[in-house]
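Take a look at the structure set out below.
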Amino acid sequence: MNQRPQKFTAVKGMADVMPPESRLWQKVEAAARGVFGCYGYSEIRTPIAEPTELFRRGVGENTAIVEKEMYTFEDRGGESLTLRPEGTASVVRAYIESGAFLSEPLARYYYMGPMFRRERPQKGRQRQFFQIGCELLGVDSPIADAEVMAMISQFLSESGAADVTLEINSLGCPDCRPSFNAALLAFLKKSESKLCADCVRRLERNPMRVLDCKNEACAELTKGAPSLPDYWCETCRAHYDEVKRALAAMGVAYVENYRIVRGLDYYMRTAFEFTTTKLGSQNAVAAGGRYDGLVKSLGGTDVPGVGCALGVERLVLLIEQNKEPLPAEDLIFFVVMGDRARFEVLPVIQTLRRDGVRVEWDFAIHSLKSQMRRASKLNAETVVIVGDDEIAKGVASVKDMRSGEQHEVRIKDLPQHFVQVDI
RNA sequence: GUGGCUAUGGUGCAGCGGCAGCACAUCUGACUGUGGCUCAGAGGGUCGUGGGUUCGAAUCCCACUAGCCACCCCA
């Protein structure tokens, strides 16, 4: 039996980003670099894999991520490594390892790159997914929290994302959260039998999640539940109020949502999400918050931090819905007839490209019509035609595809012609 | 991990027991050297995989695999 060669497909939950979609990604990345730069952030690039223990301690032993979603493997030296499920732990590790936390504790980093979580893929959720994130370390001022939100907000709007809402909350601190959790747990225990199966499980794990349940019975039940703000300590309340004050001063719109919860253990006080209703069930485009204890728990000194992470796949889905037409290409297409013309024109094309002009042409010997069609399809601004007639005269026909006007330029003058026109 | 839906040229789909089709895309021509519009033609598919029922299966049945959507969780 003759076997066909095996067809390969991308690993489940790991998608290719093909053109023209990749242009949108570049646009998003460029917007991030631009905006984050304006806020004083510098890029940090950390490895894609870390010691497993970093995430166990950094993200939290009892989180869904650590319990069942990590890509963990043993390398050939016997060390347990994990493909990063999120960015913050790595950034904090690098911050500590480099000694930056001692020499220059105030640091602003941004990163972009793939993260890995082994979940069941669905709309806006991949196993390998791309995050853009920022971390502001060494500042405990609530204004820093607000500044991060303002920056993400600006980035989202410059990327072309519409219909995004900023929701804020405070999760309390190690001093006051336990009392809220105890009160909530006591309240929920009373009606445990009426809760859905998922929520019964949440009682053990993270009672605050019950507040977020979409089940109607649960939502009804939690209407009279203890409210987070009633349990904030003075410090947390003051911090929260100051965040709101700063947001107002910066002109950043927000809504308060006391039911926002965090899936990672390191968050305290400020928690926020940028949400949308346009992505199916994945409503969070970006999310972040304050994590004052994390640096210390990973072996540094007691440096506070606040950060945010943003899902690029989700953002791109959002931008695509706005259907902004792609701008016309700044492209010169060379239509060449015959081998003689081809080699006549080759040095010209090379010169133009070295000058930074975008040039395309057809390698195959196609008819003039076919090459024109291709130029048109590529949305070329200008077409340069070189055939036997032109060769005989030492000229090229230069055609403006918008107006259809055409004139002759000497072949050797072409580079100068286009460079001058462009400037 | 659980559930629902789907699987037919590159892409999107029709066909639901009797010769595998349409649209878009690709290529060619009408226009012997001038694009977008129009028209004509061409190439391209072991109908996801494996088994079963049947004279005959893309079509009916079973299993598997993959994809999508939702739950869970999260960016």
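In the numbering used here, the protein residues as written are 71 to 493.
Just so you know, even glycine gets a beta-carbon here, dropped at the ideal spot from N, CA and C.
(1) Using alpha carbons as the reference points, say which of Leu153, Ser112, Ile166 and Val129 lies closest to Arg178.
(2) Work out the CA separation of Glu174 and Leu153 for me, nearest whole Å.
(3) Under 8 Å: do the stretch 125-141 and the stretch 178-195 share three or more Cβ pairs, one atom per stretch?
(4) Can you list, in chain order, the residues of its chain with a C-beta nearer than 7 Å to that of Ser223? Leave out the 5 residues immediately preceding and following it.
(5) When DSSP builds the beta bridges, which residues end up paired with Leu153?
(6) Using only CA atoms, which one of Ile455, Asp233 and Asp245 lies nearest to Asn353?
(7) Per DSSP, Asn239 is paired with what?
(8) Please classify Ser160: is it buried, with 16 or more other beta-carbons within 10 angstroms of its beta-carbon, or exposed?
(9) Residue range of the alpha helix (DSSP H) that Glu381 falls in?
(10) Which term fits Phe78, buried or exposed, when burial requires 16 or more other beta carbons within 10 angstroms of its beta carbon?
(11) Select from Trp302, Tyr337 and Val98 the residue whose C-alpha is nearest the C-alpha of Ser227.
(12) Can you find the residues in the same chain that come closer than 8 Å, C-beta to C-beta, to Asn251, ignoring five residues on each side of it along the sequence?
(13) Rounded to the nearest angstrom, what separates Val270 and Leu448 at their Cα positions?
(14) If you scan the stretch 399-438 from start to end, which runs of the alpha helix (DSSP H) of 4 or more residues do you find wholly inside it?
(15) Please list the terminal residues of the continuous beta strand (DSSP E) segment that includes Gly359.
(16) If you check the beta carbons only, do Thr340 and Asp425 fall under 9 Å apart?
(17) What separation, rounded to the nearest whole angstrom, lies between the Cα atoms of Ala357 and Gly203?
In short:
(1) Sequence index remark: in the first sequence, residue 178 carries index 108 (1-based). It is Ser112 whose Cα lies nearest to the Cα of Arg178.
(2) Here the question's residue 153 lines up with position 83 in the first sequence. Here the question's residue 174 lines up with position 104 in the first sequence. For Leu153 and Glu174, the distance between alpha carbons rounds to 29 Å.
(3) yes
(4) In the first sequence, residue 223 corresponds to position 153, counting from 1. Excluding positions up to five away in sequence, the list reads Leu236 and Val322.
(5) As a first step, residue 153 is located in the first sequence; it is residue number 83 there, counting from the start. Bridge partners of Leu153: Ala119 and Tyr141.
(6) Indexing the first sequence from 1 puts residue 353 at position 283. Looking at the Cα atoms, Asp233 is the closest of the given residues.
(7) Start at 1 with the first residue of the first sequence, and residue 239 comes out as number 169. Paired residue(s): Ala341.
(8) The residue given as residue 160 occupies position 90 in the first sequence. By the neighbour-count rule (16 or more Cβ atoms within 10 Å), Ser160 is buried.
(9) For the purposes of this step, residue 381 is taken as the residue at position 311 of the first sequence. The question names Glu, but residue 381 in the sequence shown is Gly. That residue, Gly381, is in no alpha helix (DSSP H); its beta strand (DSSP E) goes Gly375 to Gly381.
(10) Start at 1 with the first residue of the first sequence, and residue 78 comes out as number 8. Classification for Phe78: exposed.
(11) Sequence index remark: in the first sequence, residue 227 carries index 157 (1-based). Nearest of Trp302, Tyr337 and Val98 to Ser227, Cα basis: Val98.
(12) Residue 251 sits at position 181 when you count from the first residue of the first sequence. Excluding sequence neighbours, Asn251 sits near Pro277 and Met278.
(13) By one-based count along the first sequence, residue 270 stands at place 200. By one-based count along the first sequence, residue 448 stands at place 378. Taking the straight line joining both Cα atoms gives about 58 Å.
(14) 408-424
(15) Numbered from 1 along the first sequence, position 289 holds the residue referred to as residue 359. First-last of the beta strand (DSSP E) with Gly359: Ala354 to Arg360.
(16) The sequence position of residue 340 within the first sequence is 270, counting from 1. The sequence position of residue 425 within the first sequence is 355, counting from 1. Not in contact: Thr340 and Asp425 (Cβ atoms no closer than 9 Å).
(17) Position 287 of the first sequence holds residue 357. Position 133 of the first sequence holds residue 203. Straight-line Cα distance between these residues: approximately 9 Å.
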